[in-house]
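> Protein chains in written order, with numbering that gives the first Met the number 0: chain A, 0 to 409; chain B, 0 to 406. The structure is given below, and queries will be raised subsequently.
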Amino acid sequence: MKKSILIASTVIAAAGLFGYIAGRISRVSLPPAVMHWQMPEASDDLLSSAGNGTLSDPAARHVRVKKLKERFHTLWSSAEYRHGDWETRRECQLLLAELGTDELAEYCRASADDRRLRSRLLDEWVQRDGPAAMETALHLFSDRTDVHRTMWAWSLQKPEASLDWLREVQMPAHFADSKPHFRVNLLMDLATKDFSRPEKELPYMQSTEKEWLFKRLAQLAGTDPEKTARVKELSAQYSPASAAEIAKAGFRAMVAQDPEAAAKHLESMDLTGSARTEMETAYLEGMSNRGLTEAYQAWISVRDSSAPIPESVWRQVDSAFIFQPDKTKEWLDAFQPGPERDAIYARSIQHLAVRGNHDHAAAYISMIEDSTLRGAALKTLQRLWNESNAEAAKSWQSKLSAADRQVLQP
Amino acid sequence: MRAFLPLPLLAGMLALATGWGCYLWGKGPPPAAGMLKAKPEVRSKTPRDLARSASKEKSRNLETEIRRLMEMKLGSGLTDALQLPGWELVRTLTLDEVQQALRLAGLEKEPGDDAHVIASMLYSRWAELDPLAAMNSLAGPARKESPGIGGNAMWIFVRSDPAAAYRWYQENPELARDLHFAGKMVDTLMSEPPDSVIAKATVLGDEFRNEAARAIAARMANSEESRATFLAFAATLPEKDRIDAISRMTVEWGRQEPDAALQALDSISDSRLRADTRGKVVLGWSQRDPAGLQEWLHEHPQAADKAEQAELWRRWVTERPEDAGRWLASHGNPPELAAAIVRRIESDIQGRPIPLHPSQAANQEAAIRANFRTWSAAAPEEAKRWLNAADEKTRAVISQGPTPKQQ
């Protein structure tokens, strides 16, 4: 028995040895370029060594500021920052906090060539000295993205200070149209908490800006009788021309709440011509929180089908294509034949072609019954398809009916 | 007592098992695991743990803290200064608190933008404390939302324990792809010399090799010497990786020396990628220095056709009408270019799905009118024929008449 155990142990040990040797022989030998790693460099912990370089010692301060900026830039350019590492972002924030406002301003101005960096520095600067940061964004960088982002960052943190600044500032000509956008958007944010807050800014606003504000306020008021009455009152005092817009906003709110009651109300108003068309459009806008199919079906049911589709509705169709392309295609695929379908299919051609959906566009054209719309749509698709893929466009044309090919003859 | 198995059979089985075990021992870990295990640990360069232990001592009501966090509306503040106050709390949470907080933040429901930011912070913190558990959680019920909330957690895992992260990647290839695992892993190699980056990425797999080649390409575009070194490297890559990498390097080079980069495009053999690379270099140049680009195109007429030059000028005039108009006037308002500009703007008016900002649209409309006048003066019949065939919208824009501001 002992002998057997001895033999078994020897066999097992030999198997282990042979196995190990075989493993070593088959081990893949990796070259130094694979197995050798650089040692990561340690960096100074600047944030724990505060006190180096006080404002009273300019030379020492200069050295410290230089180190802070270098460290910030290293982190800012690192993969950590790019991957959104919160701790790295936090350290960057702490490093910027170590800079005085003048030092930060100088750093920002000197970073004009680096769009991303200057934008980050503006974010920080605008919280400390909003007017100076905005002036730099407007006049030195003069870039729309910088201006809008910086204004937005400021207004989120300090809405009242940014409103004060908007009262006084003279915008450069190419940003003049941004000012009412900033102010009205900001006031609408404040109005969600205090509906009366926008009133204080009315003396500083131009008439078109006021009209826009009242329209937005009326939308916000919805069906609230007190708020609606206040908007009407303000509009009568400051901008009587806005009355129609205010009425439409109230109607939109009614549609959103009860589409059927709103449709009856529309009929009872006994409107004709453009006044009727505008309220029909407001009806569609009021349905915007519903699905596309439901909203447009309801709109078709209230509209006067003999009137052309107004530009304001086309803008909504365009937005649907841009922001909900897949849902829009689903809606259009199931559209019932009729003049609206012809018109909307014709309009869809450029949206579909720009996105490379030429075949889908061609399929829609084949369903357009109105010959004028169909002809225009054929020409649009021919031009856009030719620009992106002339061979495919040619192949599509060769399969068209003789009548359609005739339309495309130069 | 009788043995359950006869001794020879038992000994044979044990010998086999021992042999196999010793074989695996002798063979060592798979190359990728061995390589990643040899990587020196990353010592934190940031004061990550400062002030965290102290905060653990404080007693806090987590529910109240999370509610406060939700009320900060972090999702609407895309800047660091607005979001970091949330991280100040999250970075001090313990493992238990992180898991509780995720429940309280309502991740089982469809999280809104604010919840996304908070969830990203919570998973990041979890990954700092126990990365594997955090990643496994992201692969669970929150899988659908993981790409939006797990990126930084993935990065922390890759950076802190690349070997374990690589094993996780092999077990969760789909989620790893959604979280850009390969790009993140390659980023951890970027402190290595270029030959080492390529060698290491090759051991990790094809996906990593291509990422590495592209990443190095961007890094080596800075000087003639480094570009030459890179091209020598690129020559050893498979064709697809090589072409991608050269394209990437040329785009980077184009940011510094666009004219030289454009002239070197022939090194990209794939015609589609060559055109794509050229487009990126030209677009970047047109955004940085539109006048310099137009001047170069004027001096190198063979480099682009008039339609392309017109399109680049159209983009310029849309943003900076005075500068673009001045440049055109200083070159004598060439009629051939004016005709091409008119056609490009017509195409833009008809084909643009997203309307321009009103001021940009006005700039463009003024430009088509001015250039139509230039064209009409030089070739009246041709311009008239074109106008008659143009669509109604374009004709309406042109017939609005001259505007005094436009050159």
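Virtual Cβ for every residue (Gly too), placed ideally from N, Cα, C.
1. Using a Cβ-Cβ distance cut-off of 8 angstroms, determine whether B/V341 contacts chain A.
2. So, are the CB atoms of B/H115 and B/G147 less than 8 angstroms apart?
3. Given that a residue counts as buried once 16 or more other Cβ atoms are within 10 Å of its Cβ, and exposed if not, what is A/I24?
4. Going by DSSP in three states, B/A53 sits in which element: helix, strand or coil?
5. State the start and end residues of the unbroken alpha helix (DSSP H) segment that holds B/F180.
6. Quick one: grab the DSSP three-state call for B/E238.
7. Since I believe B/D160 is in contact with B/P130 (beta carbons under 8 angstroms), could you give me their beta-carbon distance rounded to a whole number of angstroms?
8. Any beta carbon of chain A sitting closer than 8 angstroms to that of B/M120?
9. Would you check if the distance between the CB atom of B/A212 and the CB atom of B/A244 is smaller than 8 angstroms?
10. Would you mind stating whether A/L94 and A/L67 have Cβ atoms separated by less than 8 angstroms?
11. Curious, which full-length alpha helix (DSSP H) runs of at least 4 residues does the stretch 298-383 of chain A contain?
12. Is it a yes or a no for the stretch 366-374 of chain A touching the stretch 365-382 of chain B, going by three-plus beta-carbon pairs under 8 angstroms?
13. Output needed for B/L121: all residues of its chain with C-beta closer than 8 angstroms, excluding positions within five of it in sequence on either side, in chain order.
14. Would B/P257 pass as an interface residue toward chain A - the criterion being a Cβ-Cβ separation below 8 angstroms?
15. Can you say whether A/G83 is buried or exposed, counting buried as having 16 or more other CB atoms within 10 angstroms of its CB?
16. How about the stretch 268-280 of chain A and the stretch 300-314 of chain A: do they share at least three Cβ pairs that are nearer than 8 angstroms?
17. Please report the distance separating the alpha-carbon of A/P228 from that of A/T207.
18. Taking 8 angstroms as the threshold (C-beta atoms), are B/L178 and B/G150 in contact?
19. CA-CA distance, A/P409 and A/S365?
20. Indicate the three-state DSSP secondary structure (helix, strand or coil) for A/S82 in the structure shown.
21. Use the C-beta contact count for A/Y203: other C-beta atoms within 10 angstroms, 16 or more gives buried, fewer gives exposed.
22. Contact check, B/W86 vs A/W85 under 8 angstroms by CB: the rounded distance?
23. Would you mind reading off the limits of the alpha helix (DSSP H) that contains B/M134?
24. With burial defined as no fewer than 16 other Cβ atoms inside 10 Å of the residue's Cβ, what is the status of B/T393: buried or exposed?
25. Which of the three DSSP states is assigned to A/L29 in this structure?
26. Alpha carbon to alpha carbon, what distance is there between B/L203 and B/K183?
27. Just to confirm my understanding: we take A/G129, look at its own chain, exclude 5 residues before and 5 after, and list those with CB closer than 7 angstroms. What are they?
28. Just mark B/A50 as buried or exposed, buried being the case when its beta carbon has 16 or more other beta carbons within 10 Å.
29. Look up A/F250 in the DSSP assignment and say whether it is helix, strand or coil.
30. When Cβ atoms are compared, which residues of the stretch 11-30 of chain A fall closer than 9 angstroms to chain B?
31. Indicate the three-state DSSP secondary structure (helix, strand or coil) for A/G99 in the structure shown.
32. I'd like the span of the alpha helix (DSSP H) that includes A/S397, first residue to last.
33. When the Cα atoms are used, what is the spatial distance from B/P320 to B/A366?
34. Within 10 Å of its beta-carbon, does B/I65 have 16 or more other beta-carbons around it, so buried, or fewer, so exposed?
Taking the structure as given:
1. The residue labelled residue 341 of chain B in the question sits at position 342 within the second sequence. Residue-level contact check: B/V341 does not touch chain A, since none of the beta carbons of chain A fall below 8 angstroms from its beta carbon.
2. To locate residue 115 of chain B, count along the second sequence from 1; it is residue 116. To locate residue 147 of chain B, count along the second sequence from 1; it is residue 148. Taking C-beta atoms as the reference points, B/H115 and B/G147 count as a pair closer than 8 angstroms.
3. Within the first sequence, the letter at position 25 stands for residue 24 of chain A. Label assigned to A/I24: exposed.
4. Position 54 of the second sequence, counted from the first residue, corresponds to residue 53 of chain B. Since pLDDT at B/A53 reaches only 47, below the 50 mark, its modelled position is unreliable, and the value read off the structure follows with that caveat. It is helical.
5. Numbered from 1 along the second sequence, position 181 holds the residue referred to as residue 180 of chain B. That run of the alpha helix (DSSP H) goes F180 to L188.
6. To locate residue 238 of chain B, count along the second sequence from 1; it is residue 239. When DSSP states are grouped into helix, strand and coil, B/E238 belongs to the helix group.
7. The residue labelled residue 130 of chain B in the question sits at position 131 within the second sequence. The residue labelled residue 160 of chain B in the question sits at position 161 within the second sequence. With a contact defined as Cβ atoms closer than 8 angstroms, B/P130 and B/D160 qualify at about 6 angstroms.
8. Numbered from its first residue, the second sequence carries residue 120 of chain B at position 121. It does; some Cβ of chain A falls within 8 angstroms.
9. Counting from 1 along the second sequence, the entry for residue 212 of chain B is found at position 213. Counting from 1 along the second sequence, the entry for residue 244 of chain B is found at position 245. Yes, Cβ-Cβ distance for B/A212 and B/A244 is below 8 angstroms.
10. Here the question's residue 94 of chain A lines up with position 95 in the first sequence. Here the question's residue 67 of chain A lines up with position 68 in the first sequence. Contact flag set, yes.
11. Here the runs fully enclosed are 310-322, 324-332, 338-353 and 357-364.
12. Touching, no.
13. Here the question's residue 121 of chain B lines up with position 122 in the second sequence. Excluding positions up to five away in sequence, the list reads V89, L92, V97, A100, L101 and A104.
14. For the purposes of this step, residue 257 of chain B is taken as the residue at position 258 of the second sequence. The beta carbon of B/P257 sits no closer than 8 angstroms to any beta carbon of chain A.
15. Here residue 83 of chain A corresponds to residue number 84 of the first sequence, with the count starting at 1. By the 10 Å Cβ count, A/G83 comes out exposed.
16. Touching, yes, given that three or more Cβ pairs across the two stretches are closer than 8 angstroms.
17. Translated into positions along the first sequence, residue 228 of chain A becomes position 229. Translated into positions along the first sequence, residue 207 of chain A becomes position 208. According to the sequence as given, residue 228 of chain A is Ala; it is not Pro. One alpha carbon belongs to A/A228, the other to A/T207, and they sit about 21 angstroms apart.
18. Residue numbering aside, residue 150 of chain B sits at position 151 when the second sequence is read from its first letter. Residue numbering aside, residue 178 of chain B sits at position 179 when the second sequence is read from its first letter. Cβ distance < 8 angstroms, so B/G150 and B/L178 count as in contact.
19. Position 410 of the first sequence holds residue 409 of chain A. Position 366 of the first sequence holds residue 365 of chain A. The straight-line gap from Cα to Cα measures roughly 20 angstroms.
20. In the first sequence, residue 82 of chain A corresponds to position 83, counting from 1. Note on residue identity: the sequence assigns His, not Ser, to residue 82 of chain A. Looking at A/H82 - three-state DSSP - the assignment turns out to be coil, as it is neither helix nor strand.
21. In the first sequence, residue 203 of chain A corresponds to position 204, counting from 1. Flag for A/Y203 reads exposed.
22. Against the second sequence, residue 86 of chain B aligns to sequence position 87. Against the first sequence, residue 85 of chain A aligns to sequence position 86. Separation of the CB atoms of B/W86 and A/W85 is rounded to 5 angstroms, and the pair is thereby assigned contact status at 8 angstroms.
23. On the second sequence, residue 134 of chain B is found 135 positions in, with the first residue counted as 1. B/M134 -> alpha helix (DSSP H) spans P130 to L137.
24. Position 394 of the second sequence, counted from the first residue, corresponds to residue 393 of chain B. Buried, because 16 or more other Cβ atoms sit within 10 Å of the Cβ of B/T393.
25. Looking up residue 29 of chain A in the first sequence gives position 30. DSSP places A/L29 outside both helix and strand once states are collapsed to three, so it counts as coil.
26. Numbered from its first residue, the second sequence carries residue 183 of chain B at position 184. Numbered from its first residue, the second sequence carries residue 203 of chain B at position 204. Linking B/K183 to B/L203 through their CA atoms gives a straight-line distance of about 13 angstroms.
27. For the purposes of this step, residue 129 of chain A is identified with residue 130 of the first sequence, where counting begins at 1. The beta carbon of A/G129 sits closer than 7 angstroms to those of W153, K157, A160, S161 and W164, all from its chain and outside the five residues before and after it, given in chain order.
28. As a working mapping, residue 50 of chain B is identified with position 51 in the second sequence. In this predicted model, B/A50 has a pLDDT of only 48, less than 50, meaning its place in the structure is not dependable; the value taken from the coordinates is given anyway. Under this definition B/A50 is an exposed residue.
29. The residue you call residue 250 of chain A lines up with position 251 of the first sequence. The answer is helix: DSSP assigns A/F250 an H, G or I state.
30. Residues of the stretch 11-30 of chain A with a C-beta less than 9 angstroms from any C-beta of chain B: I11, A12, A13, A14, G15, L16, F17, G18, Y19, I20, A21, G22, R23, I24, S25, R26, V27, L29 and P30, listed in chain order.
31. In the first sequence, the residue the question calls residue 99 of chain A occupies position 100. In the three-state reduction of the DSSP assignment, A/G99 falls in the coil class, being assigned neither a helical nor a strand state.
32. By 1-based counting over the first sequence, the position of residue 397 of chain A is 398. Taken as a continuous stretch (DSSP letters only), the alpha helix (DSSP H) holding A/S397 covers A389 to S397.
33. Looking up residue 320 of chain B in the second sequence gives position 321. Looking up residue 366 of chain B in the second sequence gives position 367. Rounded to the nearest whole angstrom, the CA to CA distance from B/P320 to B/A366 is 8 angstroms.
34. By 1-based counting over the second sequence, the position of residue 65 of chain B is 66. That one is buried.
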